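Worksheet: one structure, shown below.
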Amino acid sequence: MTSITIRDVPSEVRDELAARASRSGRSLQEFLLAHLVDEVSHQPIEDVVARARARVGAVGSQLDVTAILADRDAERR
1465 MTSITIRDVP
1475 SEVRDELAAR
1485 ASRSGRSLQE
1495 FLLAHLVDEV
1505 SHQPIEDVVA
1515 RARARVGAVG
1525 SQLDVTAILA
1535 DRDAERR
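In my numbering, each residue carries its 1-based index in the sequence shown increased by 1464.
So this is what it looks like as C-alpha cells:
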C-alpha cells in the first residue's frame, strides 16, 4: 500500500480530526483513510454532467437536472 503525507496541517485541524476519529472509535489513520476511500467512490459532478451531455447528443433530446441527479445517484448504489 502507498503512504500519503500531508504537510503544514494546522494544529486545530489535526486536533478536530483526531477528536472526530476518537468519537467514531477509530484511529486518526483509519478515520482519514475511510474519508479518502469515500471521496473517490463518488464520481465528480463534472463527469456525471459530461456523460449526461453525451447521452443528450446521442439521442437528440434534453435531460433535466432531476434526470442527471437520478443518474448520478443510481451509480452510488
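Cβ coordinates follow ideal geometry from the N, Cα and C atoms, glycine included.
On a predicted model such as this, the values are computed, not experimentally measured, just so you know.
So, using beta-carbon positions, are Ala1514 and Ile1532 closer together than 8 Å? The Cβ-Cβ distance between Ala1514 and Ile1532 does not fall below 8 Å.
Can you give, in chain order, each stretch of the alpha helix (DSSP H) that sits fully within the segment 1498-1525 and has at least 4 residues? Fully enclosed alpha helix (DSSP H) runs of 4 or longer: 1509-1523.
Identify which residue in Asp1535, Thr1469, Glu1494, Gln1493 has its Cα closest to the Cα of Pro1508. That would be Asp1535, whose Cα lies nearest to the Cα of Pro1508.
Is Leu1497 closer than 8 Å to Ala1482 when the C-beta atoms are compared? No.
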